[in-house]
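Below is one structure, written out as C-alpha cells; comments come after it.
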Amino acid sequence: MARKPKTPADQNLADEAAKAGRDWQEYVNQLLSIHHDNFGQIYQPVPDQTQGDHGLEGFVDETGDGYQAYSGELSKSANELTKHQKKKIKDDLEKLAIYADWWAPLFANRKSKLKNWTLVVPECVNREVLHYASEQSELLRLKNLPFISDGFRVYIRTPKEFPAARATLCDPDLAKQLIVIRSATDKQLTDQEAGAPDFLGKIDEKLRKLSPEATAFNVIQQRKKRLLSYLRCENYLTDLLDKFPSHRDQLDGFLALKAEQIEANAFSDGHTPRERFRETKDDLESSFETIAVFANPTQQLVLLEGTISKWLGECTLNFAS
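With our numbering applied, the sequence shown covers 13 to 333.
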C-alpha cells in the first residue's frame with residue numbers, strides 16, 4: 013500500500029520538528045563543551061551531516077563519558093514523551109553495536125573506553141525511563157564490545173543538572189568577557205604575505221584608488237596595517253566559533269548578505285572611491301551595533317576593520333576606475 017503523501021500542514025510540522033531537534037542538538041553541544049571545559053576536559057562532538065552520529069552526539073576521553081541529545085519534538089503528551097525517549101535510548105545504544113567496527117579503533121587509538129552514555133533531554137517525566145535505561149545498558153554490556161567499559165551505565169539528564177554551564181549560556185554578555193582580542197602573530201603575517209598574493213594585490217589596487225597621491229612606500233605600509241587588522245579579526249572569529257558558535261553563525265549569515273548587497277550596488281554607485289569606502293564603513297559600523305550585540309566596543313572595532321580589510325582583498329568592496 014502506497015504511503016499517503018504529506019499535506020502542507022504535515023510537512024510544516026515535520027520541518028518545525030526537525031529545526032527544533034537541530035536547535036536542541038546545538039544547545040546540548042554548547043552546554044557540554046562548557047561543562048567539561050570547566051573541569052579542564054575536552055568534549056568532542058561527533059559530526060552527523062553525512063552518515064549520522066552512530067549513537068553518540070559527543071564524548072570525553074578523560075572521563076569516558078558519551079552523550080546523546082533528544083528534544084522529544086514530536087511528543088504530544090507525557091506518555092508519548094516516555095515512549096519516544098525509550099525508543100531513542102534503544103535505537104542509539106543499538107547503533108553503538110551496529111557500528112562497533114567504526115567505534116572500536118577510535119577508542120583504541122585514544123586509549124579509552126566508553127563508561128557512561130547520557131541522554132540529555134529537556135525533561136524526563138516518567139521514572140520508568142530510568143528503569144528502561146538500566147535494562148538497555150545491561151544488554152549492551154553483554155555484547156562484550158571492546159570499547160565498552162565493564163561498568164558501563166546509561167543516564168538521563170536535563171540542563172538543570174549542568175547549572176554552571178547553563179548559566180554561562182544564558183549570559184548574553186559572556187562573549188564580551190571571555191573572548192580576548194589576539195593580535196596577529198609574525199607567522200600568521202608571513203604566511204598570509206607568502207600564501208595570498210592575489211589578496212594582497214587587490215588590497216594594493218584599492219588603496220591606490222583611495223589615495224592616488226600615495227607613494228609606493230605608503231601603500232605598502234597601509235597594506236600591512238590592513239593585513240594585520242584582517243588577521244586580528246580572523247583570530248576573533250575563530251575564538252567566537254569555538255566558544256559561541258551560534259553567535260558566529262548569526263554573524264556569518266549577516267555578513268554574507270551584506271557582501272551580496274555591496275556587490276550588487278556597485279554597478280549603480282556613482283560615488284568616488286573615498287565616498288564609497290566611507291559610506292560602506294559607516295553603514296557596517298552602524299549595523300554591528302545592533303547585529304553584534306554580543307561584542308564589546310573593542311571587539312566591534314576589530315570586526316569592523318577586519319571585515320573592511322577582507323572585503324578590500326576579496327573585491328567585495330570594489331571601486332570604479
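Think of the CB as a built atom: it goes at the ideal place given N, C-alpha and C, for glycine as much as any other residue.
Query, Result
"Going by C-alpha to C-alpha distance, which of Phe159, Ala307 and Tyr144 sits closest to aspartate 122?", "Rather than aspartate, the amino acid found at residue 122 in this sequence is arginine. For the residues Phe159, Ala307 and Tyr144, the minimum Cα distance to arginine 122 belongs to Phe159."
"Less than 8 Å between the C-beta atoms of valine 137 and cysteine 245, yes or no?", "no"
"Could you tell me which of Arg220, Glu205, His259 and Ala276 sits nearest to leucine 334, measuring between CA atoms?", "This structure does not reach residue 334, given that the chain is present from 13 up to 333, and the question cannot be answered."
"Going by DSSP, what residue range makes up the alpha helix (DSSP H) through threonine 130?", "Premise fails: threonine 130 lies in the beta strand (DSSP E), 126-132, not in any alpha helix (DSSP H)."
"Pull up the DSSP beta-bridge partners for glycine 78, would you.", "Phe71 and Trp129"
"I believe glutamate 317 touches serine 241 by the beta-carbon criterion, under 8 Å. Please report the beta-carbon distance rounded to the nearest angstrom.", "4 Å"
"List the residues that DSSP assigns as beta-bridge partners of glutamine 56.", "Phe71"
"Is the distance from the Cβ of threonine 130 to the Cβ of arginine 169 below 8 Å?", "yes"
"Could you tell me the boundaries of the beta strand (DSSP E) in which phenylalanine 229 lies?", "Phenylalanine 229 -> not in any beta strand (DSSP E); alpha helix (DSSP H) instead, spanning 228-255."
"Please name the residue in Leu263, Lys31, Leu239 and Leu253 whose C-alpha comes closest to that of aspartate 203.", "Leu239"
"Among Leu296, Asn41, Arg290 and Asn330, which has the Cα closest to the Cα of glycine 70?", "Asn41"
"What is the DSSP secondary structure of glycine 265, counted as helix, strand or coil?", "helix"
"For threonine 292, which residues from the same chain have a beta carbon less than 7 Å from its beta carbon, with the 5 sequence-adjacent residues on both sides left out?", "Ile274 and Leu329"
"Using alpha carbons as the reference points, say which of Cys182, Arg178, Ser45 and Leu105 lies closest to glutamate 147.", "Leu105"
"Take proline 134 as the anchor and find which of Asp264, Pro285, Trp36 and Val166 has the nearest alpha-carbon.", "Trp36"
"For alanine 278, which residues from the same chain have a beta carbon less than 7 Å from its beta carbon, with the 5 sequence-adjacent residues on both sides left out?", "Asn330"
"Just list the residues that DSSP pairs arginine 194 with in beta bridges.", "Paired residue(s): none; arginine 194 is not in a bridge."
"Which two residues bound the contiguous alpha helix (DSSP H) that contains valine 137?", "First-last for valine 137: undefined, no H or E at that position."
"With a cut-off of 8 Å, do at least 3 Cβ pairs link the stretch 172-191 to the stretch 286-303?", "no"
"Anyone know if the C-beta pair for phenylalanine 306 and alanine 187 falls short of 8 Å?", "yes"
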